[in-house]
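Q: Numbering (our numbering), first residue to last: 5 to 803. For each residue, glycine too, the CB sits at the ideal point set by N, CA and C. Everything numeric in this text was worked out from a predicted model, so none of it was measured. Please read through the structure below; I'll follow up with questions.
This is the structure:
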């Protein structure tokens with residue numbers, strides 16, 4: 005998204021305009037910029053406006069049109085651009101208005117962020133290439149969950165958003181409370197952007213923090229699937245997530261939301277913003293969210309608060325600066341689910357924890373101590389600069405400072421012999437503090453060469469992350485543990501009796517990149533680019549790596565609505581896994597081939613895509629197993645749990661994806677997608693992904709039968725998943741006939757919604773999730789299931 009103002013004094017316009025209009029107008033060039041230049045020259049009338057909105061716009065050919073107004077109308081008909089004559093000047097506009105103040109033309113803000121407030125798609129996105137390209141021009145698979153979609157379905161946090169995103173599979177603990185992981189094309193997504201600039205969410209031990217990201221402060225969430233190292237540096241060929249935050253508005257706006265739902269769900273959102281002065285050149289926005297409850301087991305106590313404030317200021321007509329602060333304050337006593345098995349008591353001398361039978365626990369058993377607690381306070385401070393050098397070039401620069409503090413204290417049993425006997429106990433008290441600095445700077449614009457207009461982006465970004473941690477992690481004989489009335493009973497230890505282990509971590513990454521979109525003809529273009537990155541980690545002994553990543557793509561416009569493309573991108577990924585000698589494995593390297601067809605309909609209000617892809621990795625870390633004993637080799641100093649890893653080369657993930665999103669009619673919005681992919685080793689064996697479905701599909705649609713009422717619904721479907729390790733537990737426990745219990749067959753979940761607008765200010769939204777009350781497992785070793793049928797009602801008032 006970008007905004008632009010252009011001011012031209014009328015005296016200059018009158019000086020340039022001689023009113024020597026041509027007798028008739030013929031323009032055969034369909035390049036919008038060249039076409040407007042041609043008609044300006046023929047008519048001797050200057051033109052003003054943000055010419056970047058003409059990039060990649062094709063005008064209609066005209067022949068012998070006598071009237072200049074009619075010529076402009078015919079040229080731009082159906083393009084979404086309007087050109088009119090005012091005060092002897094051609095004014096170019098797109099979804100904007102022109103004012104004349106004290107005799108001076110002022111073109112109001114032009115937003116390419118949104119087709120409409122009620123849209124399920126976006127016209128442009130820069131998450132993949134750094135250039136503001138339409139989705140049709142972007143040669144990678146991109147899915148966007150817009151603000152409207154999040155509001156309609158009440159996708160209130162990032163976990164819910166990812167569960168409804170094409171090509172993404174989500175693993176999360178009950179109640180979306182800890183350690184959420186997102187997978188795409190067989191690999192975990194670990195790379196994040198905020199407003200198009202690289203950011204970071206800690207993926208360390210015990211809980212990640214991404215499950216606490218509230219969607220109320222975001223205008224949209226973009227997911228680029230495949231290798232995204234060009235902008236984000238090291239990572240897997242899975243994809244990246246771009247969180248686009250809401251911005252201040254010049255005009256006053258405010259809204260209040262109050263929500264309630266099943267299982268004591270309560271949520272409130274306040275959003276207020278507007279200009280601080282008469283012309284709105286200084287403006288701000290503040291959003292506050294409180295969320296609590298909403299899980300079938302009332303013993304789960306979770307609350308979260310999100311605060312977001314941003315101030316923007318226009319320094320003249322070409323420069324905007326902004327400063328923002330974002331805080332997440334979350335706490336819960338989350339449970340990971342009760343164990344399905346009892347283990348042997350050790351009296352037979354066996355070391356391996358042999359499963360000896362089924363436990364009498366269930367999904368209502370609370371497996372966590374009363375005093376268990378997870379806490380996170382994360383502050384994110386941002387400074388941003390946007391400067392338009394001229395109509396064609398701009399600079400964007402962003403600096404982020406993140407202070408992320410996470411604490412957890414827990415007491416649990418690792419292996420129940422029966423309800424009153426724990427084989428081994430674990431007491432954990434852990435604190436982690438991360439201080440993260442990130443910066444991103446881009447020079448973005450267009451240039452003319454060989455009769456065509458081309459795009460170019462040059463940039464640099466980096467991240468410096470320092471962490472400290474303090475941990476008590478004590479294993480014991482399991483005394484003092486019991487399950488009473490479906491609830492764990494254990495006394496909190498005196499933490500002062502234990503020794504804390506302290507540590508430090510540091511990781512730095514810096515990179516520079518350049519990419520250009522070369523338009524060979526009006527229909528044929530190529531994107532050529534690359535990134536050089538340097539990475540290092542360690543506080544005393546440093547590990548370093550550097551890499552060059554190419555970005556190559558070719559696109560061809562088959563028609564005005566359809567574009568086909570082929571692209572090639574790469575990744576590199578330093579890793580912390582060790583081999584049986586205790587040496588770190590070399591960085592993983594990876595790639596993504598993709599060929600696809602994209603469509604843009606109704607002036608960008610509806611977008612579609614279909615893609616075939618192959619992702620792959622060399623150096624993938626897999627467990628180094630001793631096939632004779634069935635146990636893993638241990639690396640030196642790793643203890644009994646320090647399994648050694650080995651590098652697997654030539655691993656591949658092949659598949660295809662489809663998505664359609666946007667407006668079918670002005671009253672009918674839809675977003676639907678399907679994805680199929682499977683990760684295999686070089687011998688064709690399925691690899692490390694049996695608990696990830698091969699195929700997923702999603703659909704959500706809304707329709708307005710009358711102006712005040714919106715009805716909607718959708719379905720999420722996934723193919724079978726299973727766990728071979730837990731299948732072995734059933735055999736070990738003496739129940740081979742029940743190995744199917746370690747499989748979740750394919751299933752679908754249906755969600756419904758209805759929204760009624762009493763007037764322009766007040767509306768009531770009702771959501772029914774899992775309307776058919778489908779039961780499905782999310783873990784096979786524990787009694788963990790997806791959410792049962794539940795409802796939410798949201799009352800919203802707009803001022």
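Classify residue 156 as helix, strand or coil using the three-state DSSP reduction.
A: Note: residue 156 maps to helix in three-state DSSP.
Q: Look at residue 392 and residue 326 and say whether their C-beta atoms are less than 8 Å apart.
A: Contact annotation: residue 392 and residue 326 have beta-carbon atoms that are not nearer than 8 Å.
Q: The alpha helix (DSSP H) with residue 477 in it runs from where to where?
A: Membership of residue 477 in any alpha helix (DSSP H) is not indicated; the residue belongs instead to the beta strand (DSSP E) covering 456-480.
Q: Evaluate the contact criterion for the region 502-513 versus the region 539-546: three or more CB pairs, one atom per stretch, below 8 Å.
A: yes
Q: Among residues of its own chain, excluding the 5 on either side of residue 551, which ones have a beta-carbon nearer than 7 Å to its beta-carbon?
A: 537 and 576
Q: Under three-state DSSP, which class holds residue 131?
A: The answer is coil: DSSP assigns residue 131 none of H, G, I, E or B.
Q: Among 38, 265 and 247, whose alpha-carbon lies nearest the alpha-carbon of residue 792?
A: Distance from the Cα of residue 792 is smallest, within the candidate group 38, 265 and 247, for 265.
Q: Beta carbon of residue 165, beta carbon of residue 220: below 8 Å?
A: no
Q: Below 8 Å between beta carbons: does that hold for residue 28 and residue 94?
A: no
Q: List the whole-angstrom C-beta distance separating residue 372 from residue 492, where the pair is believed to meet the contact cut-off of C-beta under 8 Å.
A: 6 Å
Q: Which residue wins for smallest C-alpha separation from residue 547, given the options 581, 715 and 63?
A: 581
Q: Look up residue 522 in the DSSP assignment and say whether it is helix, strand or coil.
A: strand
Q: Is the region 685-694 touching the region 167-176 in the sense that three or more CB pairs, one from each, lie closer than 8 Å?
A: no
Q: Determine the contact status of residue 533 and residue 610, defining contact as a CB-CB distance below 8 Å.
A: No, these two residues do not count as a Cβ contact at 8 Å.
Q: Are three or more beta carbon pairs between the region 178-197 and the region 715-723 nearer than 8 Å?
A: no
Q: Determine the contact status of residue 409 and residue 381, defining contact as a CB-CB distance below 8 Å.
A: yes
Q: Can you check the region 294-356 for any beta strand (DSSP E) of at least 3 residues that lies completely inside it and give the ranges in chain order?
A: For the region 294-356, whole beta strand (DSSP E) runs of length 3 or above, ordered along the chain, are 306-318, 323-336 and 345-347.
Q: Express the C-alpha separation of residue 477 and residue 499 in angstroms, rounding to a whole number.
A: 10 Å
Q: Going by DSSP, which residues form a beta bridge with residue 663?
A: Residue 663 is bridged by DSSP to 613 and 677.
Q: Which partner residues does residue 652 have in the DSSP bridge list?
A: 624
Q: So, at 6 Å on beta carbons, what are the nonlocal neighbours of residue 750 in its own chain, with the 5 sequence-adjacent residues on each side left out?
A: So the list reads 723 and 724, once near-sequence residues are dropped.
Q: Ends of the beta strand (DSSP E) at residue 727?
A: No beta strand (DSSP E) contains residue 727, which DSSP labels as neither H nor E.
Q: Can you give me the start and stop residues for the beta strand (DSSP E) that residue 744 sits inside?
A: Segment: none, residue 744 is in no beta strand (DSSP E) and carries neither H nor E.
Q: How should residue 803 be labelled, buried or exposed, when 16 other C-beta atoms within 10 angstroms of its C-beta is the threshold for buried?
A: exposed
Q: Compare the C-alpha of residue 675 against each of 134, 92 and 154 and name the closest.
A: Among 134, 92 and 154, the Cα nearest to that of residue 675 belongs to 154.
Q: Going by the beta-carbon positions, is the gap between residue 324 and residue 330 smaller than 8 Å?
A: No.
Q: In angstroms with no decimal places, state the Cα-to-Cα distance between residue 449 and residue 517.
A: Distance between the alpha carbons of residue 449 and residue 517: 15 Å.
Q: Return the CA-CA distance between residue 572 and residue 144, expressed in angstroms with no decimal places.
A: Looking at the two C-alpha atoms, the distance is approximately 9 Å.
Q: Going by other Cβ atoms of all chains shown within 10 Å of its Cβ, with 16 needed for buried, is residue 390 buried or exposed?
A: Burial state of residue 390 is buried, judged by a 10 Å Cβ sphere holding 16 or more other Cβ atoms.
Q: Can you pull the DSSP bridge partners for residue 574?
A: Answer is 595.
Q: Just tell me which of 298, 197, 397 and 163 has its CA closest to the CA of residue 263.
A: Here the closest residue by C-alpha is 298.
Q: Apart from the five residues just before and just after residue 562, which ones in its own chain have a Cβ nearer than 7 Å to its Cβ?
A: The residues are 568.
Q: Near residue 740, what residues of its chain come up, given a Cβ to Cβ distance below 8 Å and the 5 sequence neighbours on each side ignored?
A: Cβ neighbours of residue 740 beyond the five flanking positions: 734.
Q: With residue 122 and residue 152 assumed to form a contact (beta carbons below 8 Å), what rounded beta-carbon distance in angstroms separates them?
A: 5 Å
Q: Under a three-way DSSP split, which group does residue 237 fall into?
A: coil
Q: What do you get for residue 368, buried or exposed, if any count of 16 or more other CB atoms within 10 angstroms of its CB means buried?
A: Counting Cβ neighbours within 10 Å, residue 368 comes out exposed, since fewer than 16 surround it.
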